[in-house]
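Each residue of the sequence shown is one higher than the one before, starting from 2 at the first, in the numbering used here.
We put the CB at the ideal spot given by N, CA and C, even for glycine.
Below: one structure, written as structure tokens.
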Amino acid sequence: MLDKIKSTATFIQSQISAMPEVGIILGTGLGGLVNEIKIKHTIPYSEIPNFPISTVEGHSGKLIFGELGGKNVVAMQGRFHYYEGYSMQQVTFPVRVMKAIGIKTLLVSNASGGVNSGFSIGDLMIINDHINFFPEHPLVGKNKAELGPRFPDMSEAYSKDLIAKAKQVAKANNIMVQEGVYLGLSGPTFETPAEYRMVKVLGADAVGMSTVPEIIVARHMNLPCFAMSIITDLGVEGKIVEVTHEDVQQVAAQSEKKMTLIMKELIKELN
Ligand code: HPA
């Protein structure tokens, strides 16, 4: 794996002029952040050695390099989900590569279902912790000490400093944000009412099918992380209705402006 990470990083370094300081993974319906980036280079995943082959319908993914909030960033337009059939190593490979080319912070967005009865559809939730409910763990297997420790600490998976900064940004811009725990599971089914209840009983505020693997691998490498979720549907008793991917995308699109603003202003605040 180390060889693959290094050769992919070397390829990317040969293509771009300025190395990014910040890595961004854009979730469902949140691609609008790309419009804010002063783009310098775009590399389709299909041209990147060792990158998983994309199965995303419609448009295939790309890495976007450019300037945002006064910093050089790399954004993943399209992520690899476990439910698509990728291994956990494939899902998290881009995070390894982004670290290898120099990112110092990882920002992640996603869409999720809210199980906290105080949440409404369209709310933004700052993720302050997670519960890993995926059937596989990305760090199972021989540990590479060059990347990180065998038993990584997870006491601050989501940087308290970045959360505090994001809350300040939200307040200064009159944006209401929720804060809570994200439970990640495999999908691709949305939850049954009993499963939403389970998610709540387990101590989470929202549930989704991404983010947790990427954060685990980032924390293995000691990268500070910040993640936000758009609550696109509710798994709250009495409020559960049929959910479709189109509903999720539509709600995400409506709330993405607020999230984009927070992410952009947060990047300005990074040291
Ligand atoms: N469950 C799981 N993943 C999701 C949901 C949900 O309700 N909404 C958006 N992604």
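Excluding the 5 residues flanking it on each side, Gly103 has same chain C-beta neighbours closer than 8 Å at Met20, Pro21, Glu22, in chain order. DSSP places Leu107 in the strand class (E or B) of the three-state scheme. For Val92, the distance from the CB to the nearest heavy atom of the ligand HPA is not below 7 Å.
Under DSSP, Asp234 shares a beta bridge with Gly114. For the ligand HPA, no non-hydrogen atom lies closer than 7 Å to the CB of Asp154.
In summary, Asp234 is buried, with 16 or more beta-carbon neighbours lying within 10 Å of its beta-carbon over all protein chains present. Per DSSP, Ile25 is one residue of the beta strand (DSSP E) stretching across 23-27.
Residue side-chain check: Glu192 places its Cβ nearer than 7 Å to a non-hydrogen atom of the ligand HPA. Between Gly62 and Lys269 a beta carbon distance of about 26 Å is seen, past the 8 Å cut, so the two are scored as non-contacting. When distances are taken from the beta-carbon of Ser113 to the heavy atoms of the ligand HPA, the shortest one is below 7 Å. Within the same chain, and ignoring the five residues on either side of Met89 in sequence, the residues whose Cβ sits closer than 6 Å to its Cβ are Glu137, Pro139, Pro214. With fewer than 16 other Cβ atoms from the protein chains shown falling within 10 Å of its own Cβ, Gln16 counts as exposed.
Under the three-pair Cβ rule at 8 Å, the region 207-224 counts as touching the region 105-121. Taking Gln78 as the centre and dropping the five residues before and after it, the same chain places the C-beta of Leu27, Gly32, Val35, Gly62, Lys63, Ile65 closer than 7 Å to its C-beta, in chain order. When DSSP states are grouped into helix, strand and coil, Thr43 belongs to the strand group.
Around the Cβ of His246, a 10 Å sphere holds fewer than 16 other Cβ atoms; the residue is exposed. Taken through DSSP and simplified to helix, strand or coil, Ala207 comes out as strand.
DSSP places Phe134 in the coil class of the three-state scheme, outside both helix and strand. Set against 7 Å, the gap from the CB of Thr233 to the closest heavy atom of the ligand HPA is smaller.
For Ile263, no pairing in a beta bridge is given by DSSP.
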